[in-house]
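Just so you know, we're using the numbering used here here: the sequence shown kicks off at 2 and counts up by one.
For glycine and all other residues, C-beta sits at the position ideal for the given N, C-alpha and C.
Just so it is clear, the structure is predicted and the values come from calculations on it, not from any experiment.
Step one of this worksheet: look at the structure below.
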Amino acid sequence: MDRKLINSVVLVWIISLAPLLANSDLLQGKKKILFLGDSITQKGQYVAYFNAWLVQQYPEQGVEVLNAGLASETVSGLSEASHMKHGFARPCLFERLERVLAKTEPDLIIACYGMNCGIYQTLDVQRFARYRHGIGRLRAAAKQYGAELIHVTPPIYDNHGKEGFDYDSVLSHYAAWLVMQRSQGWHVIDLHHSMRQNVDDKKAIG
Numbered sequence: 002m003d004r005k006l007i008n009s010v011v012l013v014w015i016i017s018l019a020p021l022l023a024n025s026d027l028l029q030g031k032k033k034i035l036f037l038g039d040s041i042t043q044k045g046q047y048v049a050y051f052n053a054w055l056v057q058q059y060p061e062q063g064v065e066v067l068n069a070g071l072a073s074e075t076v077s078g079l080s081e082a083s084h085m086k087h088g089f090a091r092p093c094l095f096e097r098l099e100r101v102l103a104k105t106e107p108d109l110i111i112a113c114y115g116m117n118c119g120i121y122q123t124l125d126v127q128r129f130a131r132y133r134h135g136i137g138r139l140r141a142a143a144k145q146y147g148a149e150l151i152h153v154t155p156p157i158y159d160n161h162g163k164e165g166f167d168y169d170s171v172l173s174h175y176a177a178w179l180v181m182q183r184s185q186g187w188h189v190i191d192l193h194h195s196m197r198q199n200v201d202d203k204k205a206i207g
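And the structure:
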């Protein structure tokens with residue numbers, strides 16, 4: 002993801018998350034917030050901005066923000082053959098999740114997965130099912146450890162105007178499914194839709 006898209010992630014993410022936390026009791030009594038996700042989370046930029054916002058808005062609460070993002074990670078457990086050029090398959094969250102939760106003991110988890118879960122291929126019923134199953138496993142683990150969970154839909158994928166298959170169509174599908182789960186009481190931040198609007202608006206202006 003290029004720098005302009007990363008900056009869009011940071012901007013849109015903060016704009017989307019702040020109202021959710023400010024207008025709910027999700028932060029009440031929380032002492033540790035754990036971020037889970039792939040390389041975008043591991044990079045830490047939006048986590049750092051969130052931490053700065055948190056300190057400014059709730060200086061008396063003393064919340065600890067922990068970043069446990071891991072590059073290339075999925076919740077689907079899938080990996081494409083081309084990823085082996087790095088010398089390893091994509092890591093799966095559930096290879097480490099129990100250890101992470103046991104060591105960090107978070108009150109609130111903010112998780113952003115999906116970008117790598119479709120392994121940059123066309124929409125597939127089985128791959129989509131693996132993604133949904135992985136999200137379910139994450140929710141079950143959070144519940145087991147008594148932590149609230151906020152899902153963040155995957156960022157957009159920009160194919161820079163290239164013709165042919167656009168991976169962003171897969172991410173849009175994953176994001177739409179997550180947003181639908183709000184009706185089940187899930188906390189979901191729709192980064193994908195907001196980011197798409199932000200990027201398209203900027204492209205239109207030029």
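Please name the residue in the options whose C-alpha comes closest to that of residue i.
| i | options | result |
| --- | --- | --- |
| L67 | V48, S80, A205, K163 | V48 |
| Y59 | G30, A177, D39, C118 | G30 |
| T123 | M196, E81, L179, A69 | E81 |
| I157 | W187, G186, G119, R197 | R197 |
| L139 | G162, Y114, P155 | Y114 |
| V126 | N52, S77, W54, V153 | S77 |
| C118 | V101, L102, I111, I136 | I136 |
| K144 | L102, G88, H194 | L102 |
| L18 | N199, S195, V200, D201 | S195 |
Report back the beta-carbon spacing between residue i and residue j to the nearest angstrom; my notes put them in contact at under 8 Å.
| i | j | result |
| --- | --- | --- |
| L109 | L27 | 6 Å |
| I120 | I151 | Contact flag wrong, Cβ pair sits at about 25 Å. |
State the Cα-Cα distance for the pair residue i and residue j, rounded to the nearest angstrom.
| i | j | result |
| --- | --- | --- |
| D3 | K44 | Residue placement at D3 is flagged as unreliable, the pLDDT there being 49, under the threshold of 50; the coordinate-derived value follows with that caveat. Cα to Cα, D3 sits roughly 13 Å from K44. |
| K209 | G165 | Here the chain has residues from 2 to 207 only, and residue 209 is not among them. |
| V64 | P92 | 29 Å |
| H134 | E149 | 19 Å |
| W216 | I206 | One cannot answer for residue 216 here, as it falls past the ends of the chain, which runs 2 to 207. |
| M116 | D191 | 14 Å |
| W187 | L55 | 22 Å |
| Y175 | E74 | 16 Å |
| E96 | Q57 | 35 Å |
Which residues in the same chain as residue i place their Cβ atom closer than 6 Å to its Cβ, once the five residues preceding and following it in sequence are excluded?
| i | result |
| --- | --- |
| N160 | D167 |
| N52 | V66 |
| V153 | C113, I190, L192 |
Applying the criterion that 16 or more other CB atoms from any shown protein chain within 10 Å of the CB defines a buried residue, is residue i buried or exposed?
| i | result |
| --- | --- |
| S170 | exposed |
| G70 | buried |
| R131 | buried |
Which same chain residues end up closer than 8 Å to residue i when comparing Cβ atoms and leaving out the 5 residues on each side of it in sequence?
| i | result |
| --- | --- |
| E106 | K33, Y146 |
| E99 | A142 |
| G90 | The sequence given here has Ala at residue 90, not Gly. Once the five neighbours on either side are set aside, the close Cβ partners of A90 are S80, H84. |
Looking only at its own chain, which residues have a Cβ that is under 7 Å from the Cβ of residue i, when we skip the five neighbours before and after it?
| i | result |
| --- | --- |
| A72 | D39, S40, Q43 |
Is there a C-beta anywhere in chain C that falls below 9 Å from the one on residue i?
| i | result |
| --- | --- |
| Q29 | Among the chains of the structure shown, chain C does not appear; only one protein chain is present. |
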